[in-house]
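Engineer:
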Amino acid sequence: MAPPIKEHAKALSNFQFALLLTLPVLLFLVVLMGYPLGYAVWLSLHDIQFVFGRMRVEYVGFGNYVAVYKSPEFWHAAWISVRFTVESVILTIAIGLGLALVMNSRVGRSRAIRTLMLLPWAVSLYGAGTMWFYLTSGQTGIVTSLSYWAGFDRPLNLMSASSVVDILALGNAWNLAPLVGFFLLANLTTIPQRLYDLAAIDCLGAWGRFIHVTLPPLRFTLFVFTSIATVLSLRLFDFIDVMSRGGPGNSSTVLPYLLYDISFKQLELGYGAAMSFYLLALIVAATLVLYFVWGRREEAR
Amino acid sequence: MSDSNENGNAGFTRRAFMMSTALAAGALTLPPMALANEDEFAATSGEPVYFRGWQYKPDVVQDNVDKYNKLHSGKVDYQTVTGDYPALMEKSLISGDKLDMIYANPPTAVRFYEAGWIKPADDLLSGPAAIADMYDKVRDAWTYKGKVLGLSYFLSPRGIICVNRQRQEELGIKDEDLPKTWDEFYAHLDALSAKGVKDAFLPHWFNEFYGISWAFLWEVINRGGTTVDAKTHAPTVAVDNAAGKTLAAWKKLWKSGKVPEEVLTYTEANVVDGFASGRYLYSCQAGYNLALFNNKEKSKIAGKVGFIPYRGQAWGLLDSALYLTTTRKRSPALDADVSKFVSFYGYKNTSGKVWVGQGWMENSMLFSGYKTVMESKETQESLKGFLAREGDVKELLDLYAQTAAPNDVWKVVWAEELNSWLRKRLADFLLKDDSVETVIGELNAQILSLNKKYKL
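Heads up: the sequence lines are chains S and C, in that order.
Each residue of the first sequence is one higher than the one before, counting from 18 in the numbering used here.
Each residue of the second sequence is one higher than the one before, counting from 116 in the numbering used here.
1) Restricting to runs no shorter than 4 residues, where is the alpha helix (DSSP H) found entirely within the segment 282-311 of chain C?
2) For I300 of chain S and G418 of chain C, what's the separation of their Cα atoms in angstroms?
3) Exposed or buried, what is N31 of chain S when buried is set at 16 or more other beta-carbons lying within 10 Å of its beta-carbon?
4) Sort C:N566, C:L432, C:E496, C:V471 by Cα distance to P221 of chain C and report the nearest one.
5) Mind listing which residues of the segment 61-74 of chain S have their C-beta closer than 9 Å to chain C's C-betas, in chain order?
6) If you drop the 5 nearest sequence neighbours on each side, which residues of the same chain put their C-beta closer than 6 Å to that of V387 of chain C?
7) Shorter than 8 Å from the beta carbon of R262 of chain S to some beta carbon of chain C?
8) Could you work out which residue in C:S414, C:W320, C:F316, C:V457 is closest to Y395 of chain C when comparing CA atoms only?
9) Three-state secondary structure (DSSP) at K415 of chain C?
10) Which residues in chain C have a C-beta closer than 7 Å to the C-beta of F281 of chain S? List them in chain order.
11) Report yes or no: is there a C-beta of chain C within less than 8 Å of the C-beta of M148 of chain S?
12) Give me, in chain order, the residues of the same chain whose beta-carbon lies closer than 7 Å to that of F501 of chain C; leave out the 5 immediate sequence neighbours on both sides.
13) Whose Cβ in chain C lies nearer than 7 Å to the Cβ of F292 of chain S?
14) Going by CA-CA distance only, name the one from S:S162, S:A57, S:F34, S:F45 that's closest to Y288 of chain S.
15) So the beta strand (DSSP E) W169 of chain C belongs to, where does it begin and stop?
16) Using a threshold of 8 Å, state whether the C-beta atoms of E334 of chain C and W369 of chain C are closer than that.
17) Check whether chain S comes within 8 Å of P243 of chain C, counting only Cβ atoms and requiring the distance to be less than that.
18) For R504 of chain C, which residues of its own chain have a beta-carbon under 8 Å away from its beta-carbon, when the five flanking residues on both sides are left out?
19) Using 10 angstroms around the beta-carbon of D248 of chain C, count the other beta-carbons present and answer buried if the total reaches 16, otherwise exposed.
20) Between the C-alpha atoms of D549 of chain C and V378 of chain C, what's the straight-line distance to the nearest angstrom?
21) So A178 of chain S contacts chain C; which residues on that side make the cut at Cβ distance below 8 Å?
22) Flag G231 of chain C as yes if its beta-carbon sits less than 8 Å from any beta-carbon of chain S, otherwise no.
23) Using three-state DSSP, classify S119 of chain C as helix, strand or coil.
24) Given F200 of chain S, which residues of its chain have a CB within under 6 Å of its CB, disregarding the five upstream and five downstream residues?
25) Which residue from C:K373, C:R254, C:Y250, C:A542 puts its Cα closest to that of H303 of chain C?
26) Where in the segment 414-493 of chain C do unbroken runs of the beta strand (DSSP E), each at least 3 residues long, occur, reported from the N-terminal end onward?
27) Which residue or residues does DSSP assign as beta-bridge partners of E75 of chain S?
28) Should G168 of chain S be labelled buried (16 or more other beta-carbon atoms within 10 Å of its own) or exposed?
29) Can you list the alpha helix (DSSP H) stretches of 4 or more residues lying completely in the segment 209-261 of chain S, in chain order?
30) Ignore the nearest five residues each way along the sequence and tell me which others in V119 of chain S's own chain have a CB closer than 6 Å to its CB.
31) Taking the alpha carbon of K367 of chain C as the point to measure from, which residue in C:R282, C:D305, C:K413, C:T441 has its own alpha carbon closest?
32) With a cut-off of 8 Å on the beta carbons, I'd call A35 of chain S and V271 of chain S a contact; round off their distance for me.
33) Would you grab the beta carbon distance between L571 of chain C and E532 of chain C for me? Rounded to a whole angstrom, and I think it's under 8 Å.
34) Let me see if you follow: with CB-CB separation under 8 Å, is P265 of chain S close to chain C or not?
35) So with Cβ pairs under 8 Å, would you call S371 of chain C a contact of chain S?
36) Sort C:K568, C:E557, C:Y569 by Cα distance to A353 of chain C and report the nearest one.
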């Protein structure tokens, strides 16, 4: 005789039900991501050389990881990546917020203006890189044109070793900010007018209204987009490849660009794979820091 | 290069004589045999032939391919490869992509040949005839281990110093006062700078695989030096020889601020645009760009661009590219189709004309490896049209005749790897405070490490 089925075993918990629904997608992701991830781990544990067109493989354990850790080239690229990302995120959020405020104003409600503001986001990173290169180079740049117009006779080059990362960050922010702006605009439209009326009664000025009325409902969206912009900037490659090719010298060689150079030009696949895990660790660490410093507080509100 | 030269025998051996005689006989007998019949090039397999190359005038290439397809029932599929061509093409070959005919510069061809991905030109339908029609210098540049690796796409001196004659005239620089050597050139730049002349020189230091690294290689050979020993492949660079002098001159030029820093982020197109704008007095360029600089539609100084002639020292290196045939597995019929297409495209058509090569010469001033093209009346006429003065034609051909390829380093399997290293290291050397001694030391170590990797 079969044992009686307990009542609580019949029904799935919410978690179990959710797991059941997402199981096909999870399995698909495991297959889709598991193989390349596993292969990358395997590559990173081997010294792989292409000699006379043939692959030569030698197991080196964690040798590649140690070599990357000891590489000044890696640390330089990591620093450039961090600098580029911090600048990109600050500029993206600031410009996005500015765009949202303009689009929420009386002037910005025009469809034409909103369309214009969204356009940079629609431009491919390849196209944006080409355009920004021509805008900022000393030979053809807008700053050179302005300097000539102002009576100077020298070209002004923004693609110098000292400023190239800042210019790349500005270009990246120009491309990303419209999306941030539109999401923030959606938040802004939910703020009741009566809150601004109350602020007026409290004699709050423009800055006070912004800090106490406008900003609070935007904070979670700002956190989300700070995280997204951080991840996108840390792994950005194509815009940088088109605009500066990591140069002058290695002045704008971010980690993804160095990875491309090592893995796909020099065909050092094992070393490159090990370096890619450092990049992955950097991305995970950056998002965790953001979450623990900022995200948890927003969740608690 | 004949076998005897590869083996280091300087004399003209009996074997070399026999080979030359055979080639000459081939030249006399094969064209009528192989090319007289229009059907010789007709595709029969019904399968596509995959042709890939870098992005130079793809519209012209597509027109040529279309014509072949139409005339000879071909199914040639042409596409361009955008980006770092040697690296991308190597990845394609490693991954077994469908490739039948590809472009390559000599060092890439050597690397692909060593990997077993390409077959020599001798096996092609028009191979022996085409090889016999090549100039000795060209055949030598494209020969590796006794085999000619491909058919002629183009040749050109790269690294010639173009002169903006409008500015030259304004500054009162006479033709006879133009520098004759690299040392004189840098001294001349110093003198101009002392007079307050700005934008005197735009160098060839752009960030592409044939940019700054090639500029180093040619300055070394122009100064009479080498990068590696042609036989042992051991490094020959030292602080007190051509390599060290080149680096020292570059550092001095860079530190003087006479060169725009952004040139290190340029592509070739940017360097060409920069000089065509008329801003610069001198610029290191590919020889074929003289046609563009003297074209009213593309240059602000059209008709006023010349170059520093050969006066005892060559300027630049012999840049060239070949059409290579891959060794991918094909059916015999498709293999024959590939041979027909490469022969048509890389040598003569059914009328016995080097149709594609002559077209490049007449439309874009791309020189050919074939005597048939270079010594034709049409070539002489078109050269006059491309150059600012009639006397420039002779001067350019004289300079071209004196220009050498850096065979010492380009005929080594790791040449592309060294090129990639040089490209990054030289830009860093200019931007940072590294000394010439440091870079020479690292370059020696890099060459030794590559030799060790390939057991050379």
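Glycine is no exception: its CB is placed at the ideal position from the N, C-alpha and C atoms.
Structural biologist: Judging by the given coordinates:
1) 297-309
2) 55 Å
3) exposed
4) C:L432
5) Q66, F67, V68, F69, G70, R71, M72
6) N404
7) yes
8) C:F316
9) coil
10) A202, K206
11) no
12) L405, A406, N409, M480
13) Strictly speaking, residue 292 of chain S in this sequence is Met, with Phe absent from that position. Residues of chain C passing the Cβ test: none, with the nearest at roughly 16 Å.
14) S:A57
15) 164-169
16) no
17) no
18) G421
19) buried
20) 19 Å
21) E376, L546
22) yes
23) Note that S119 of chain C scores 37 on pLDDT, short of 50, meaning its location in the model is unreliable; the coordinates nonetheless yield the value given after this. Helix.
24) T238
25) C:K373
26) 420-422, 432-441
27) S:D64
28) exposed
29) 210-218, 223-226, 232-251, 255-260
30) G125
31) C:D305
32) Between V271 of chain S and A35 of chain S the Cβ distance is about 38 Å, and since that is not below 8 Å, they are no contact.
33) No, L571 of chain C and E532 of chain C are not in contact; Cβ-Cβ is about 12 Å, not under 8 Å.
34) yes
35) no
36) C:E557
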